[in-house]
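J.:
There are 4 protein chains.
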Amino acid sequence: MGAVKSKRVPRAVREQQMMDAAVLTFARRGYRAASMDEIAEVAGVSKPLVYLYLNSKDELFSAVIRRESEALVAAVTAAVEPGAPADRQLWSGLKGFFAHTTENPDGWAVLHQQARTQGEPFAREVAAMRAEIMTFVTALIGAAAKEAGCDGELADREVSALAHALVGAAESLAEWVNTGTDEGTSGERERPAPRDTAATLMNFAWAGLGRLIGGGRWSPEG
Amino acid sequence: MGAVKSKRVPRAVREQQMMDAAVLTFARRGYRAASMDEIAEVAGVSKPLVYLYLNSKDELFSAVIRRESEALVAAVTAAVEPGAPADRQLWSGLKGFFAHTTENPDGWAVLHQQARTQGEPFAREVAAMRAEIMTFVTALIGAAAKEAGCDGELADREVSALAHALVGAAESLAEWVNTGTDEGTSGERERPAPRDTAATLMNFAWAGLGRLIGGGRWSPEG
Amino acid sequence: MGAVKSKRVPRAVREQQMMDAAVLTFARRGYRAASMDEIAEVAGVSKPLVYLYLNSKDELFSAVIRRESEALVAAVTAAVEPGAPADRQLWSGLKGFFAHTTENPDGWAVLHQQARTQGEPFAREVAAMRAEIMTFVTALIGAAAKEAGCDGELADREVSALAHALVGAAESLAEWVNTGTDEGTSGERERPAPRDTAATLMNFAWAGLGRLIGGGRWSPEG
Amino acid sequence: MGAVKSKRVPRAVREQQMMDAAVLTFARRGYRAASMDEIAEVAGVSKPLVYLYLNSKDELFSAVIRRESEALVAAVTAAVEPGAPADRQLWSGLKGFFAHTTENPDGWAVLHQQARTQGEPFAREVAAMRAEIMTFVTALIGAAAKEAGCDGELADREVSALAHALVGAAESLAEWVNTGTDEGTSGERERPAPRDTAATLMNFAWAGLGRLIGGGRWSPEG
DNA sequence: CATGAATGAGGTTTCATTCAT
DNA sequence: TATGAATGAAACCTCATTCAT
Chain A
29 MGAVKSKRVP
39 RAVREQQMMD
49 AAVLTFARRG
59 YRAASMDEIA
69 EVAGVSKPLV
79 YLYLNSKDEL
89 FSAVIRRESE
99 ALVAAVTAAV
109 EPGAPADRQL
119 WSGLKGFFAH
129 TTENPDGWAV
139 LHQQARTQGE
149 PFAREVAAMR
159 AEIMTFVTAL
169 IGAAAKEAGC
179 DGELADREVS
189 ALAHALVGAA
199 ESLAEWVNTG
209 TDEGTSGERE
219 RPAPRDTAAT
229 LMNFAWAGLG
239 RLIGGGRWSP
249 EG
Chain B
29 MGAVKSKRVP
39 RAVREQQMMD
49 AAVLTFARRG
59 YRAASMDEIA
69 EVAGVSKPLV
79 YLYLNSKDEL
89 FSAVIRRESE
99 ALVAAVTAAV
109 EPGAPADRQL
119 WSGLKGFFAH
129 TTENPDGWAV
139 LHQQARTQGE
149 PFAREVAAMR
159 AEIMTFVTAL
169 IGAAAKEAGC
179 DGELADREVS
189 ALAHALVGAA
199 ESLAEWVNTG
209 TDEGTSGERE
219 RPAPRDTAAT
229 LMNFAWAGLG
239 RLIGGGRWSP
249 EG
Chain C
29 MGAVKSKRVP
39 RAVREQQMMD
49 AAVLTFARRG
59 YRAASMDEIA
69 EVAGVSKPLV
79 YLYLNSKDEL
89 FSAVIRRESE
99 ALVAAVTAAV
109 EPGAPADRQL
119 WSGLKGFFAH
129 TTENPDGWAV
139 LHQQARTQGE
149 PFAREVAAMR
159 AEIMTFVTAL
169 IGAAAKEAGC
179 DGELADREVS
189 ALAHALVGAA
199 ESLAEWVNTG
209 TDEGTSGERE
219 RPAPRDTAAT
229 LMNFAWAGLG
239 RLIGGGRWSP
249 EG
Chain D
29 MGAVKSKRVP
39 RAVREQQMMD
49 AAVLTFARRG
59 YRAASMDEIA
69 EVAGVSKPLV
79 YLYLNSKDEL
89 FSAVIRRESE
99 ALVAAVTAAV
109 EPGAPADRQL
119 WSGLKGFFAH
129 TTENPDGWAV
139 LHQQARTQGE
149 PFAREVAAMR
159 AEIMTFVTAL
169 IGAAAKEAGC
179 DGELADREVS
189 ALAHALVGAA
199 ESLAEWVNTG
209 TDEGTSGERE
219 RPAPRDTAAT
229 LMNFAWAGLG
239 RLIGGGRWSP
249 EG
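Chains as they are written, first to last, in this note's numbering: chain A, 29 to 250; chain B, 29 to 250; chain C, 29 to 250; chain D, 29 to 250.
#1: Let me see if you follow: with CB-CB separation under 7 Å, is C/Trp275 close to chain D or not?
#2: List the residues of chain D that C/Arg144 touches, going by C-beta distances under 8 Å, in chain order.
#3: Listed in chain order, which residues of the region 110 to 143 of chain C have Cβ atoms closer than 7 Å to some Cβ of chain D?
#4: In whole angstroms, give me the CA-to-CA distance for C/Glu66 and D/Ala55.
#5: Just how far apart, CA to CA, sit B/Thr163 and B/Gly58?
#6: So for D/Glu69, helix, strand or coil by DSSP?
#7: Looking only at its chain, what residues have a beta carbon closer than 7 Å to the beta carbon of C/Gly212, apart from the 5 residues adjacent to it on each side?
#8: From C/Met230, C/Asn206, C/Leu229, pick the residue whose C-alpha is nearest to that of C/Arg219; which is it?
#9: Tell me whether D/Val37 sits in a helix, a strand or coil according to DSSP, three-state version.
#10: Measuring only the C-alpha atoms, how far is D/Phe150 from D/Leu139?
#11: Taking a Cβ distance cut-off of 9 Å, strictly less, list which residues of the region 187 to 199 of chain B are near chain A, in chain order.
#12: Which residues bound the alpha helix (DSSP H) around D/Ser200?
#13: Quick one: residues in its chain with C-beta nearer than 7 Å to the C-beta of D/Lys85, no 5 flanking neighbours on either side, listed in chain order?
#14: Suppose you measure from the CA of B/Lys35 to the CA of B/Leu80; what does that come to, to the nearest Å?
#15: Say whether the region 220 to 228 of chain D touches the region 115 to 128 of chain D, bearing in mind that this needs 3 or more beta-carbon pairs closer than 8 Å, one atom from each stretch.
#16: Please classify C/Gly135 as buried or exposed, where buried requires at least 16 other C-beta atoms within 10 Å of its C-beta.
#17: How close, in whole Å, do the beta carbons of B/Thr145 and A/Gln141 come, if the pair is a contact with beta carbons under 8 Å?
#18: Mind pulling the chain D residues with CB within less than 9 Å of C/Arg60?
#19: Quick check: C/Gly147 and D/Ser200, are their CB atoms within less than 7 Å of each other?
#20: Are any of the Cβ atoms in chain A nearer than 7 Å to that of B/Leu100?
#21: Alpha carbon to alpha carbon, how far is A/Met47 from A/Leu82? Give it in angstroms, no decimals.
#22: Is B/Ser63 helix, strand or coil by DSSP?
#23: Please state whether the Cβ-Cβ distance between B/Val187 and B/Gly170 is less than 7 Å.
#24: Looking only at its own chain, which residues have a Cβ that is under 7 Å from the Cβ of B/Pro222, when we skip the five neighbours before and after it?
#25: If the cut is a Cβ gap below 8 Å, which residues of chain D does C/Leu201 touch?
#26: Give me the Cα-Cα distance between B/Val73 and D/Arg152, rounded to the nearest whole angstrom.
#27: Quick one: complete alpha helix (DSSP H) runs, 4+ long, within the region 70 to 129 of chain D?
#28: Using only the alpha-carbon positions, how far apart do D/Ala91 and D/Ala102 sit?
#29: Among B/His192, B/Glu175, B/Met230, which residue has its Cα nearest to the Cα of B/Phe113?
#30: Within 10 Å of its beta-carbon, does B/Gln117 have 16 or more other beta-carbons around it, so buried, or fewer, so exposed?
#31: Provide the residue span of the alpha helix (DSSP H) that contains A/Leu168, from first to last.
#32: Note down, in chain order, each residue of its chain lying with its Cβ closer than 8 Å to the Cβ of B/Glu109, except the 5 sequence neighbours on either side.
#33: Is the beta carbon of B/Ala62 sitting closer than 7 Å to the one on B/Thr53?
#34: Hey, could you find the ends of the alpha helix (DSSP H) B/Gly135 is sitting in?
#35: Of all the CB atoms in chain D, is at least one closer than 7 Å to the CB of C/Gly244?
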């Protein structure tokens with residue numbers, strides 16, 4: 029088992045192989061249950077080499093979190109058109125997000141399921157990345173409000189809450205869409221295209237936000 | 029550390045003490061990192077007693093998941109008014125959800141962060157509970173559509189997606205609202221009341237759904 | 029599971045019930061693997077009661093060894109006719125031995141398989157019983173030699189060796205005839221009668237010993 | 029206690045050292061009472077290394093049983109002269125058996141006392157080895173009968189019984205001869221030579237069998 | 001007479017990590 | 001660059017045994 033043995037590989041390449049193996053193993057087993065033995069075997073190298081390059085399980089996990097976080101942020105960032113209106117930026121960002129998580133489910137699982145649940149310092153690292161995205165989304169919502177001319181009517185706190193709701197909705201959909209009949213040989217439920225998932229979420233969110241921004245309010249007394 | 033020592037307690041009581049300790053410890057450390065030693069110490073009993081009553085770490089975790097799942101579903105169920113219109117049911121359900129997760133953050137953390145990431149069979153148990161809630165929300169969205177007279181215009185798959193988005197948004201808000209300056213003795217950021225969180229989410233969601241149901245659609249080409 | 033609950037039983041009776049349960053459990057599981065929990069459950073009493081009457085696992089095991097040893101020696105002793113010729117005494121003793129081990133296989137298993145393999149002090153207790161039998165057999169062989177008029181031609185050491193060989197042969201046969209298709213519902217191999225097993229061994233042994241000693245052929249009818 | 033520390037030993041060598049330590053410890057304490065801690069200490073290595081190489085206590089015990097069984101069968105097999113008459117084959121086989129068990133008393137104790145009393149699957153492994161020897165002995169008895177021209181007069185079942193008696197006698201003698209004043213520094217009772225033990229048993233057995241079969245007297249000098 | 005409640009001690013097993021080559 | 005050999009520490013779990021009622 030494990031990758032094909034190939035000797036004398038440059039360090040940078042070997043490190044990536046190890047991190048690929050780590051992503052796979054952490055996603056499958058969880059941080060604690062994943063053993064360095066298994067990671068080394070999946071990577072096709074000996075355990076001491078993993079330690080030589082990545083120093084410790086903690087540092088390996090941190091490195092994985094960093095790499096996957098940066099890849100996700102890069103994918104989303106690359107997808108948005110900087111100068112476009114807020115709604116278009118959100119739309120393209122969501123497309124990028126769903127595309128990346130669909131193509132890279134193990135990396136997403138490590139970030140979303142594992143890193144966040146392992147306490148400090150890992151939770152902080154992924155929280156920082158999430159905060160970055162949250163800031164971006166918060167800014168977009170603020171910008172949209174401004175574009176609609178309702179500047180100041182939404183408290184900062186409320187805008188933050190909306191951003192959290194929106195990001196949470198996206199995460200939930202990403203998990204729903206990419207989870208499921210993995211091993212089902214027959215009847216493999218086809219996953220919706222990232223574009224369709226993004227459209228569904230935009231419809232849900234934007235119509236709501238549009239109303240909010242435009243004045244229509246639901247009320248508990250209603 | 030550890031609860032006050034109280035000797036010779038009836039089994040049923042001790043079991044609840046142990047499960048309380050387990051919820052606390054699993055929430056703090058995660059399933060794998062929580063040791064039976066620590067759980068026993070927090071419960072104020074010896075380790076063998078934990079095994080005598082709860083049999084194994086796996087069974088203890090399962091018992092915790094079951095207890096917390098049922099408590100959450102009961103809280104939400106008790107909050108909704110069965111005969112009311114869909115929007116009112118959703119509103120009261122969300123209030124119940126945020127109230128319960130705010131009062132019981134450790135239980136929620138075990139369900140949402142730990143159980144879902146520990147693979148089979150734990151993930152399945154929470155998934156079943158989540159599916160129950162998802163079914164309820166899905167039915168409410170369908171009912172709302174029917175009340176608005178747009179029966180059939182939303183595909184089942186799309187209604188499911190909207191339910192997943194809504195539940196994900198609620199989960200994200202629950203985490204956001206209840207997380208944070210736990211240890212900060214001073215400057216304790218005040219948590220919003222469950223009612224306000226529910227209202228924010230209802231505004232976000234319902235205005236959006238209202239638009240959708242009423243016909244207004246955001247479009248990527250727009 | 030376990031015996032029917034019957035309260036307020038006199039101590040002597042309860043002790044026998046417990047020892048019966050212990051024999052069964054020690055035979056099934058071995059000394060170390062048998063737990064006091066299981067013994068108490070099989071006996072139909074609570075664990076503290078076992079300790080109240082039998083004091084400890086070691087003492088319980090010792091008591092079992094003593095009881096079963098005495099029962100075996102008593103069975104063999106009761107079978108032999110004290111004044112008869114040596115060959116008849118051996119023949120009747122073997123019949124008694126095979127009859128007792130066939131009727132009481134668990135007790136025999138505890139003595140032969142468990143007690144002898146658990147080191148001190150248990151091995152010594154059963155060794156003492158075995159030595160008693162060995163002394164008896166040695167005396168019989170000596171007596172037979174004297175009866176045949178070849179007194180002194182066999183060294184004491186050789187007579188002892190012959191006794192060990194004979195007893196070992198008997199033990200091997202006892203295990204062979206009583207072991208086997210326990211659970212086989214169909215095709216239950218019928219066990220030979222103790223009398224036939226004894227006859228086979230007597231023919232094997234006595235013809236050999238008779239030749240060695242110089243005497244005539246032994247026969248069960250003789 | 030513990031062997032001399034020798035670091036960085038090849039795996040094959042270490043495995044044999046561990047199995048030697050295991051034989052010693054299982055023989056002294058019994059399977060259950062022997063702890064992996066003690067085995068590792070006797071072997072002069074740390075416990076994890078024992079697990080790394082032998083996987084578990086069960087597998088270690090099985091490996092020991094296999095090694096000692098094969099050694100015993102090999103010793104007996106190597107001792108017999110294949111083409112010789114039945115009595116000579118039995119004689120040389122017994123010499124080989126007593127020589128091996130005398131030289132290797134711990135291995136014999138593990139096979140005869142421990143493995144057979146630990147239930148499945150260990151009992152089965154040693155039972156298979158014993159059955160192999162029993163088959164060999166049974167064949168020899170049958171061959172001797174044929175050589176003496178009394179083919180068919182002994183029922184198969186009776187021949188089997190005789191083989192069991194003979195093997196049991198040998199086992200009993202092996203235990204008697206090799207047991208005893210182990211720790212007695214002074215007055216160490218001298219053990220009889222394997223050759224003498226074999227001669228005693230042959231005289232006991234063959235004279236008996238010879239009479240039964242109708243043939244002449246067996247003699248080690250013959 | 002009898003038991004539900006409770007534990008100290010010790011068992012097997014795993015794992016992150018290092019050393020010597 | 002790369003690895004076979006080795007271990008300290010700690011995890012889960014069991015069991016003989018006792019106390020208080």
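Glycine included, C-beta positions come from ideal geometry on N, C-alpha and C.
Please read these numbers as outputs of a predicted model, since none were measured by experiment.
T.: If we stick to the structure as given:
#1: No answer is possible for residue 275 of chain C: it lies beyond the span of chain C, which begins at 29 and ends at 250.
#2: Translated into the one-based positions of the third sequence, residue 144 of chain C becomes position 116. Per Cβ cutoff of 8 Å: Gln141.
#3: Gln141, Gln142
#4: By 1-based counting over the third sequence, the position of residue 66 of chain C is 38. By 1-based counting over the fourth sequence, the position of residue 55 of chain D is 27. So the two alpha carbons sit approximately 27 Å from each other.
#5: Against the second sequence, residue 163 of chain B aligns to sequence position 135. Against the second sequence, residue 58 of chain B aligns to sequence position 30. Straight-line Cα distance between these residues: approximately 28 Å.
#6: The residue you call residue 69 of chain D lines up with position 41 of the fourth sequence. Correct three-state label for D/Glu69: helix.
#7: As a first step, residue 212 of chain C is located in the third sequence; it is residue number 184 there, counting from the start. For C/Gly212, the pLDDT reaches just 48, beneath the cut-off of 50, and the residue's location in the model is therefore unreliable, although a value from the coordinates is still provided. Nothing meets the Cβ criterion.
#8: Taking the first residue of the third sequence as 1, we reach residue 219 of chain C at position 191. The shortest C-alpha separation from C/Arg219 is found at C/Asn206.
#9: Counting from one through the fourth sequence, the residue named residue 37 of chain D turns up at place 9. Note: D/Val37 maps to coil in three-state DSSP.
#10: Within the fourth sequence, the letter at position 122 stands for residue 150 of chain D. Within the fourth sequence, the letter at position 111 stands for residue 139 of chain D. One C-alpha to the other measures close to 9 Å.
#11: Ser188, Ala189, Leu190, His192, Ala193, Leu194, Val195, Gly196, Ala197, Ala198, Glu199
#12: By one-based count along the fourth sequence, residue 200 of chain D stands at place 172. Residues 184 to 206.
#13: Translated into positions along the fourth sequence, residue 85 of chain D becomes position 57. So the qualifying residues of the chain are Met64.
#14: Within the second sequence, residue 35 of chain B is the residue found at index 7, counting from 1. Within the second sequence, residue 80 of chain B is the residue found at index 52, counting from 1. Using only the alpha carbons, I get a separation of about 16 Å.
#15: yes
#16: In the third sequence, the residue the question calls residue 135 of chain C occupies position 107. It counts as buried.
#17: One-based indexing of the second sequence puts residue 145 of chain B at position 117. One-based indexing of the first sequence puts residue 141 of chain A at position 113. At roughly 4 Å, the Cβ-Cβ gap stays under 8 Å, so B/Thr145 and A/Gln141 are in contact.
#18: As a position in the third sequence, residue 60 of chain C is number 32, starting the count at 1. Result: Gly58, Tyr59, Arg60, Ala61.
#19: If you number the third sequence from 1, residue 147 of chain C lands on position 119. If you number the fourth sequence from 1, residue 200 of chain D lands on position 172. No. Outside cutoff.
#20: For the purposes of this step, residue 100 of chain B is identified with residue 72 of the second sequence, where counting begins at 1. No - not a single Cβ of chain A is within 7 Å of the one on B/Leu100.
#21: Sequence index remark: in the first sequence, residue 82 of chain A carries index 54 (1-based). Sequence index remark: in the first sequence, residue 47 of chain A carries index 19 (1-based). Going by the C-alpha atoms only, they are around 9 Å apart.
#22: One-based indexing of the second sequence puts residue 63 of chain B at position 35. B/Ser63 falls in the coil class under three-state DSSP.
#23: Position 159 of the second sequence, counted from the first residue, corresponds to residue 187 of chain B. Position 142 of the second sequence, counted from the first residue, corresponds to residue 170 of chain B. In contact: B/Val187 and B/Gly170 (Cβ atoms closer than 7 Å).
#24: Stepping through the second sequence from its first residue, residue 222 of chain B is reached at position 194. Excluding sequence neighbours, B/Pro222 sits near Lys123, Phe126, Ala127, Thr130.
#25: Counted from its first residue, the third sequence places residue 201 of chain C at position 173. Those within 8 Å of C/Leu201 in chain D are Ala189, His192, Ala193, Gly196.
#26: As a working mapping, residue 73 of chain B is identified with position 45 in the second sequence. As a working mapping, residue 152 of chain D is identified with position 124 in the fourth sequence. The straight-line gap from Cα to Cα measures roughly 43 Å.
#27: 75 to 82, 85 to 107
#28: Locating residue 91 of chain D in the fourth sequence gives position 63, where the first residue counts as 1. Locating residue 102 of chain D in the fourth sequence gives position 74, where the first residue counts as 1. C-alpha separation (whole angstroms): 16 Å.
#29: Here residue 113 of chain B refers to the residue found at position 85 of the second sequence. It is Pro, not Phe, that sits at residue 113 of chain B in the sequence shown. Per the Cα distances, B/Glu175.
#30: The residue labelled residue 117 of chain B in the question sits at position 89 within the second sequence. Answer is buried; the Cβ neighbour count reaches 16.
#31: Looking up residue 168 of chain A in the first sequence gives position 140. 150 to 175 is the span of the alpha helix (DSSP H), which, as asked, contains A/Leu168.
#32: Position 81 of the second sequence holds residue 109 of chain B. Around B/Glu109: Arg116, Gln117, Ser120.
#33: Walking along the second sequence from the start, residue 62 of chain B turns up at place 34. Walking along the second sequence from the start, residue 53 of chain B turns up at place 25. Taking 7 Å as the Cβ cut-off, B/Ala62 and B/Thr53 qualify as a contacting pair.
#34: On the second sequence, residue 135 of chain B is found 107 positions in, with the first residue counted as 1. Per DSSP, B/Gly135 belongs to the alpha helix (DSSP H) from 133 to 137.
#35: In the third sequence, the residue the question calls residue 244 of chain C occupies position 216. Only weak support exists for where C/Gly244 lies, its pLDDT of 47 falling under 50; the coordinates are left without a value.
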